[in-house]
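The structure appears right after this line, and notes come after that.
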Amino acid sequence: MTFERTGSGQSNRSIFFGVDYICYVEGSTENDFGPDVVFWKNVFAALQPTKKIHFSCRGGKPVLERLAMEVVEQDVEKTIVAMDADYAEFLTGRYINHRCVFYTFGYSFENDIFSFDNVLETFRVLSRMHSVSSDVQSFLRAAFDKTFKELRVPMLADFHALRAGSSVLPRDKPGRIISRDQTTNLPMVNKSECAKIISLVNVATKPRTFADYSRMPNAVAKSCVGHILELVVHYTINAAIKNFVSNKNIAKDQLKDVAIQCFKDLLKSENNNDVLEHHRMQCGRLV
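Numbered according to this note's numbering, the sequence shown spans residues 1 to 287.
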């Protein structure tokens with residue numbers, strides 16, 4: 001299904017569904033359900049609980065960007081477009097600042113639900129603990145710090161490659177560069193594979209000079225490709241559970257489902273961090 005031809009026609013879709021807003025998100029157009037729907041539904045349920053919203057999947061990021069521009073340019077009412085930020089904030093003209101256009105704080109919703117505060121809460125729920133001990137927190141932080149340090153160069157290379165029409169980080173095959181250490185169970189970055197991909201991309205593309213270093217992604221937890229981060233967190237959480245709780249193994253889908261639910265609770269809490277404040281600010285603009 002495509003956007004209606006007129007802004008007024010699109011504005012009336014909320015009446016048809018008996019809701020306050022229609023919200024378009026990323027996902028298969030064959031189904032109006034999926035992790036993106038659950039994530040954004042939870043965000044609005046936590047921060048705008050009185051608003052009735054119908055969620056509809058519209059495909060990939062380029063489609064959502066086009067729909068967002070139509071919302072802005074045609075002044076479409078009662079319509080929200082919510083999508084992954086990717087590298088939009090670092091690319092001139094890519095970030096659409098409008099009260100009905102919503103972005104994740106990080107590269108994708110995975111980056112938001114796997115921010116450190118929510119990882120701690122997710123670990124607590126999965127391990128059935130009352131609280132997360134300082135030893136566990138130190139273990140998790142040290143593991144993430146090590147992996148993120150090794151991922152920083154590939155992430156920056158991916159950003160430059162994207163600007164030249166290519167990519168470095170394998171979106172659909174994160175296991176190509178992230179593996180699990182058989183001794184520690186912690187994630188390992190395949191540095192030789194990263195170097196190989198970067199070398200091939202350098203030959204195939206010619207990235208433009210990018211002199212403004214203030215407009216480059218810096219924090220790996222925020223700006224690394226979401227599926228890469230998800231695999232890193234999956235291995236790290238399982239390693240922590242094996243070290244401190246039991247020998248059970250948490251499936252990746254279960255980890256994501258629990259993290260999405262924990263994020264909803266975190267949004268409603270009195271906790272404060274950049275991720276939470278970003279979503280609270282966006283939802284606060286919705287009238």
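For each residue, glycine too, the CB sits at the ideal point set by N, CA and C. Note that the structure is a prediction, hence the values are computed from the model and not measured.
{"Check": "Report yes if the C-beta distance between alanine 239 and threonine 184 is below 8 Å; otherwise report no.", "Outcome": "yes"}
{"Check": "List the whole-angstrom C-beta distance separating alanine 161 from threonine 205, where the pair is believed to meet the contact cut-off of C-beta under 8 Å.", "Outcome": "6 Å"}
{"Check": "With distances taken Cα to Cα, identify the nearest neighbour of serine 167 among Val203, Asp135 and Lys222.", "Outcome": "Val203"}
{"Check": "Have a look at cysteine 262 and glycine 226 and give me their C-alpha separation to the nearest angstrom.", "Outcome": "18 Å"}
{"Check": "Go ahead and pull the three-state DSSP assignment for cysteine 23.", "Outcome": "strand"}
{"Check": "Distance check for tyrosine 107 and cysteine 194, CA to CA, integer angstroms please.", "Outcome": "19 Å"}
{"Check": "Pair every Cβ in the region 112-131 with every Cβ in the region 86-93, then say whether three or more of these pairs are closer than 8 Å.", "Outcome": "no"}
{"Check": "For a test of the three-state rule: what should DSSP assign to threonine 79, helix, strand or coil?", "Outcome": "strand"}
{"Check": "Which residues share a DSSP beta bridge with isoleucine 53?", "Outcome": "Tyr21"}
{"Check": "Taking only the alpha-carbon atoms, compute the straight-line gap between valine 25 and leucine 64 and give it to the nearest angstrom.", "Outcome": "7 Å"}
{"Check": "Taking DSSP as the reference, what is the three-state secondary structure of methionine 155?", "Outcome": "helix"}
{"Check": "With distances taken Cα to Cα, identify the nearest neighbour of glutamine 282 among Val125, Cys100, Lys78 and Ala142.", "Outcome": "Cys100"}
{"Check": "Using 8 Å as the limit for Cβ to Cβ distance, is valine 220 near chain C?", "Outcome": "This model lacks chain C altogether, as it is built from one protein chain only."}
{"Check": "Go ahead and pull the three-state DSSP assignment for glutamate 4.", "Outcome": "Only weak support is given to the placement of glutamate 4: the predicted model assigns it a pLDDT of 47, under 50, and the question is left unresolved by the model."}
{"Check": "Specify whether the region 31-46 and the region 69-76 touch according to this definition: at least 3 beta carbon pairs, one from each stretch, less than 8 Å apart.", "Outcome": "no"}
{"Check": "Let me check one thing: in DSSP terms, what residues is isoleucine 178 bridge-paired to?", "Outcome": "Val189"}
{"Check": "So, is tyrosine 95 buried or exposed, given that buried needs 16 or more other C-beta atoms within 10 angstroms?", "Outcome": "exposed"}
{"Check": "Tell whether a beta-carbon distance below 8 Å holds between arginine 191 and glutamate 150.", "Outcome": "According to the sequence provided, residue 191 is lysine. The question's arginine does not apply to it. Yes, the Cβ-Cβ distance between lysine 191 and glutamate 150 is below 8 Å."}
{"Check": "Taking the alpha-carbon of threonine 79 as reference, which of Arg152, Lys61, Leu91 and His98 has the nearest alpha-carbon?", "Outcome": "His98"}
{"Check": "May I ask you to report which of helix, strand or coil DSSP gives serine 60?", "Outcome": "Just to set this straight, residue 60 is glycine in the shown sequence, not serine. Here glycine 60 sits in coil by DSSP."}
{"Check": "List the residues that DSSP assigns as beta-bridge partners of tyrosine 103.", "Outcome": "Met83"}
{"Check": "Below 8 Å CB to CB, which residues in the same chain sit around methionine 216 once its five sequence neighbours on both sides are set aside?", "Outcome": "Phe90, Leu156, Phe159 and Phe210"}
{"Check": "Three-state secondary structure (DSSP) at aspartate 32?", "Outcome": "coil"}
{"Check": "Does DSSP put aspartate 145 in a helix, a strand or coil?", "Outcome": "helix"}
{"Check": "For the alpha helix (DSSP H) containing threonine 122, name the first residue and the last one.", "Outcome": "116-127"}
{"Check": "Taking the straight line between their C-alpha atoms, what separation do you get for lysine 196 and aspartate 20?", "Outcome": "50 Å"}
{"Check": "Return the Cβ separation of proline 170 and arginine 163 in integer angstroms, given the expectation that the two are a contact with Cβ distance under 8 Å.", "Outcome": "About 18 Å; that fails the 8 Å criterion."}
{"Check": "Do the region 241-251 and the region 49-66 touch if we need at least three Cβ pairs shorter than 8 Å?", "Outcome": "no"}
{"Check": "In angstroms, rounded to a whole number, what distance separates the CA positions of serine 56 and valine 43?", "Outcome": "15 Å"}
{"Check": "Would you decide whether methionine 129 is buried or exposed? Buried here means 16 or more other CB atoms lie within 10 Å of its CB.", "Outcome": "exposed"}
{"Check": "Exposed or buried, what is phenylalanine 114 when buried is set at 16 or more other beta-carbons lying within 10 Å of its beta-carbon?", "Outcome": "buried"}
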